[in-house]
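Numbering (the working numbering), first residue to last: 1 to 140.
Written out as structure tokens, the structure reads:
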């Protein structure tokens with residue numbers, strides 16, 4: 001019963017996140033299509049189920065989870081393909097700063113130290129500490 005509640009809250013969060021990002025950034029759709037690239041690169045630390053984790057069914061190790069589903073949906077809505085890269089948690093922000101990824105999606109709490117280095121999404125999190133770090137659009 002508790003698992004169903006967590007899944008429902010997580011799904012509600014995912015839907016709210018997608019709606020708020022798309023609605024709040026609809027002006028970015030034209031800008032995104034004019035970047036001259038067709039793939040957005042997301043980096044994550046796949047050790048935080050159900051948001052991002054490894055699925056090894058079928059003999060292939062694949063990163064899956066709610067964050068991956070959200071990122072795929074956002075990339076598609078913006079007209080991009082999505083490439084998912086993995087890193088240990090401590091390497092996420094440095095990878096973003098080094099332009100090895102366009103954005104981070106991970107269970108990352110926005111601490112004052114992290115906020116000095118990257119921007120975090122401002123979204124209702126339903127009591128969860130799941131946020132998105134974004135690189136400025138002109139940096140993609």
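For each residue, glycine too, the CB sits at the ideal point set by N, CA and C.
Could you spell out where the beta strand (DSSP E) holding residue 81 opens and where it closes? Locating residue 81 in the chain shown gives position 81, where the first residue counts as 1. Counting along the chain, the beta strand (DSSP E) containing residue 81 begins and ends at 81–86.
Going by beta-carbon coordinates alone, are residue 92 and residue 106 separated by less than 7 Å? Stepping through the chain shown from its first residue, residue 92 is reached at position 92. Stepping through the chain shown from its first residue, residue 106 is reached at position 106. In contact: residue 92 and residue 106 (Cβ atoms closer than 7 Å).
Just to check my reading of the structure: residue 44 and residue 104 have Cβ atoms closer than 8 Å, yes? What is that Cβ distance to the nearest angstrom? Taking the chain shown and counting its residues from 1, one reaches residue 44 at position 44. Taking the chain shown and counting its residues from 1, one reaches residue 104 at position 104. Yes, residue 44 and residue 104 are in contact; Cβ-Cβ is about 7 Å, under 8 Å.
Which partner residues of residue 63 appear in the DSSP bridge assignment? If you number the chain shown from 1, residue 63 lands on position 63. In the DSSP output, where bridge partners are listed per residue, residue 63 has 54.
One question on the structure: do residue 50 and residue 66 come within less than 7 Å of each other, judged by their Cβ atoms? Taking the chain shown and counting its residues from 1, the one referred to as residue 50 is at position 50. Taking the chain shown and counting its residues from 1, the one referred to as residue 66 is at position 66. Yes, they are a contact pair.
Just to confirm, are residue 62 and residue 55 a CB contact at a threshold of 7 Å? Mapped onto the chain shown, residue 62 falls at position 62. Mapped onto the chain shown, residue 55 falls at position 55. Contact: yes.
Could you give the residue range of the alpha helix (DSSP H) that holds residue 40? In the chain shown, counting from the first residue as 1, residue 40 sits at position 40. Residue 40 -> not in any alpha helix (DSSP H); beta strand (DSSP E) instead, spanning 39–44.
Roughly how many angstroms separate the alpha carbons of residue 115 and residue 94, rounded to a whole number? Against the chain shown, residue 115 aligns to sequence position 115. Against the chain shown, residue 94 aligns to sequence position 94. If you take the alpha carbons of residue 115 and residue 94, they lie about 13 Å apart.
For the alpha helix (DSSP H) containing residue 95, name the first residue and the last one. Here residue 95 refers to the residue found at position 95 of the chain shown. Counted as a single uninterrupted DSSP element, the alpha helix (DSSP H) harbouring residue 95 occupies residues 92–97.
Please report the straight-line C-alpha distance between residue 78 and residue 40, rounded to a whole angstrom. As a position in the chain shown, residue 78 is number 78, starting the count at 1. As a position in the chain shown, residue 40 is number 40, starting the count at 1. Roughly 10 Å between the two C-alpha positions.
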